[in-house]
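S.K.:
Residue numbers (our numbering), protein chains in the order written: chain A, 1 to 317; chain B, 1001 to 1261.
(1) Taking beta-carbon pairs under 9 Å, can you tell me which members of the segment 184 to 204 of chain A lie near chain B?
(2) Quick check: the Cα distance between residue 158(A) and residue 1050(B), rounded to an integer number of angstroms?
(3) Going by beta carbon distance, what residues of the same chain come within less than 6 Å of residue 147(A), once the five residues before and after it are set aside?
(4) Looking at the secondary structure, which residues open and close the alpha helix (DSSP H) in which residue 204(A) lies?
(5) Classify residue 69(A): buried if its beta carbon has 16 or more other beta carbons within 10 angstroms, exposed otherwise.
(6) Just how far apart, CA to CA, sit residue 1130(B) and residue 1053(B)?
(7) Use the C-beta contact count for residue 1242(B): other C-beta atoms within 10 angstroms, 16 or more gives buried, fewer gives exposed.
(8) How many angstroms separate the CA atom of residue 197(A) from the CA atom of residue 303(A)?
(9) Helix, strand or coil for residue 175(A)? Go by DSSP, reduced to three states.
(10) Please state whether the Cβ-Cβ distance between residue 300(A) and residue 293(A) is less than 9 Å.
(11) Could you tell me which of 194(A), 244(A), 255(A), 77(A) sits nearest to residue 180(A), measuring between CA atoms?
(12) CB of residue 1099(B) to nearest heavy atom of the ligand ATP: below 8 Å?
(13) Strictly by DSSP, which residues pair up with residue 123(A)?
(14) Taking 7 Å as the limit between beta carbons, can you name the residues of its chain near residue 141(A), skipping five residues before and five after?
(15) Tell me whether residue 192(A) is buried or exposed, calling it buried when 16 or more other Cβ atoms sit within 10 Å of its Cβ.
(16) Can you pull the chain A neighbours of residue 1045(B), defined as C-beta to C-beta under 9 Å?
(17) If we cut at 9 Å on Cβ distances, does residue 1269(B) have a partner in chain A?
(18) Beta-carbon within less than 8 Å of residue 133(A)'s beta-carbon, same chain only, minus the 5 sequence neighbours each way: which residues are those?
(19) If contact means a Cβ-Cβ distance below 8 Å, which residues of the segment 152 to 168 of chain A contact chain B?
(20) Could you round the C-beta distance between residue 1158(B) and residue 1070(B) to whole angstroms and report it? I think they count as a contact, below 8 Å.
(21) Take residue 235(A) as the anchor and find which of 222(A), 168(A), 289(A) has the nearest alpha-carbon.
(22) Within a Cβ cutoff of 7 Å, which residues of the same chain sit near residue 1256(B), ignoring the five residues on either side of it in sequence?
(23) Going along the chain, which unbroken runs of the alpha helix (DSSP H) with 4 or more residues stay wholly within the segment 244 to 306 of chain A?
(24) Please name the residue in 244(A), 226(A), 246(A) whose C-alpha comes closest to that of residue 237(A).
(25) Taking only beta carbons into account, state which residues of the segment 1201 to 1216 of chain B come closer than 8 Å to chain A, listed in chain order.
(26) Tell whether a beta-carbon distance below 9 Å holds between residue 247(A) and residue 269(A).
(27) Compile a chain-ordered list of the residues in the segment 1079 to 1108 of chain B whose CB is closer than 9 Å to at least one CB of chain A.
(28) Under DSSP, the alpha helix (DSSP H) around residue 1140(B) begins and ends at which residues?
(29) Helix, strand or coil: how does DSSP classify residue 208(A) here?
(30) What is the C-beta distance between residue 1118(B) and residue 1024(B), in whole angstroms, given that I count them as a contact (C-beta under 8 Å)?
(31) Judging by CA-CA distance, which residue of 263(A), 284(A), 271(A), 254(A) is the nearest neighbour of residue 245(A)?
(32) For residue 1225(B), does the three-state DSSP call read helix, strand or coil?
(33) Taking C-alpha atoms, which residue in 1035(B), 1203(B), 1222(B), 1080(B) lies nearest to residue 1313(B)?
(34) Among 170(A), 281(A), 231(A), 267(A), which residue has its Cα nearest to the Cα of residue 253(A)?
(35) Does residue 1180(B) come out as helix, strand or coil in the three-state DSSP assignment?
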């Protein structure tokens, strides 16, 4: 049996711990917005931002945390069932994500309904015939959310994903993908909040053209809703189309400035440029052309098209 | 002294000591601080988002309870020898097996106290957020967590008699936290390795405790989709926990009995 410590000294470890926490928080001036992630292209800027305390403590781990949270949102969407990553690169672009979200809305409010999409994707916990663990594997599949990979996926209400997008972008404000995906889910419940979220993303990532693409797509949705719901909807929609055109134009300008010269046929180039970037750049150019045609006329649109076709020859009038 | 009463006295002394030492409260306070931080984030001004709270709370509660169990369990038996408090106890007609069992029940009792404190916060939190508690699934989750605490206690006893307390603490926590990862790596490696490697992985899977089997939080989290586990599955999990706790406990008892006084 232990000898009790003197009463006056019992709480000193807790006091030291609390003091350490307070001192650490106070001196570190922790504000995730001050710190840059690993994907900032400007090396000088990255070094400047990463000289602060939180970045030094967490380093690249922050981006890993954000990636883990992003995977978690996919798992939430599938009712907790863990699948191997199965979204193609293109499905992560702003435009395709918007389509994806629209498709998912068909199942909103109908948790557990089958959806033919993605059937056949392997689960993280393997099916019985591929699991060497015998009855331990059987129990594992019973305890954890699991579904036969041959069956179509469960899709749940995307509303519950939102906290994870909020947290992942707070942890790593340079996580553009989180802003893009989060804004589209958020737009299903609150368009104003989605607009604010993208704006926040742009404050942290002013050169992220994907966010301008997201903004443009969001305004197009608003324009459609305005034209449908309001009496003077067409006037509102016209204004929104012009705003969306400007967003796509800005996105296209940024994308072309960032796009390397050595992009191959698959959309990959130097400096980390991938199909994800290429698809959004192409979307920005295409949407700028289409909306210019709607708002400024055919000749202005032809001029825009000419500007983009030397980079994207596949763009057609 | 009757055996039942002796068991109760030993278990009660462990529990009371744990409760009086304030460590549990410190763990509960740290856990609540983290849960509070997680729930204080404004999610775009939207209400009714309960899954984030539910997942954060369940995971933190499970982790901190496991931490409390390992911290308490690894020091129970070696300390009796170090501080020589074993002598007056064994001077009485008290079998060593009963002594180990009493210690284990005491640790389990303290862990239950810790988990009950968490639940006192979790349940009102869910009510406040107007979330569905999913009572049947939650009840099964709590029951499986209790089984896991028992398994962890017996495993920590065994480790504490095989290694120094610090090494036992490290190994115990490592086994608990890496259990899921080890299992997943084993599943992946099994496809790639040769016959000898497969035998090793198979042996490791059955020799090491599979803590992932006692975590029903994934289904509690998405309770709108998943049904409670069937009775045969619950019985199989109970059997697994009993057999493995018994084996580790027996190993600890055997080492404790051989230990020179």
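Quick reminder that beta carbons are idealized off the backbone N, C-alpha and C, glycines included.
M.R.: Put simply:
(1) 186, 189, 190, 193, 194, 196, 197
(2) 13 Å
(3) 81
(4) 191 to 204
(5) buried
(6) 12 Å
(7) exposed
(8) 33 Å
(9) coil
(10) yes
(11) 194(A)
(12) Here there are no bound small molecules, and the ligand ATP is not part of this structure.
(13) 83(A)
(14) 125
(15) exposed
(16) 190, 193
(17) Beyond the ends of chain B as shown, which are 1001 and 1261, falls residue 1269(B); an answer cannot be given.
(18) 140
(19) 154, 156, 159, 160, 162, 163, 164, 166, 167
(20) Their Cβ separation, rounded to whole angstroms, is 12 Å, which puts residue 1158(B) and residue 1070(B) out of contact at 8 Å.
(21) 222(A)
(22) 1077, 1096, 1100, 1161
(23) 275 to 296
(24) 226(A)
(25) 1201, 1202, 1205, 1206, 1210, 1212, 1213, 1214, 1215, 1216
(26) no
(27) 1079, 1083, 1085
(28) 1135 to 1162
(29) coil
(30) About 10 Å; that fails the 8 Å criterion.
(31) 284(A)
(32) coil
(33) Residue 1313(B) lies beyond the stretch modelled for chain B, which goes from 1001 to 1261, so this question has no answer here.
(34) 281(A)
(35) helix
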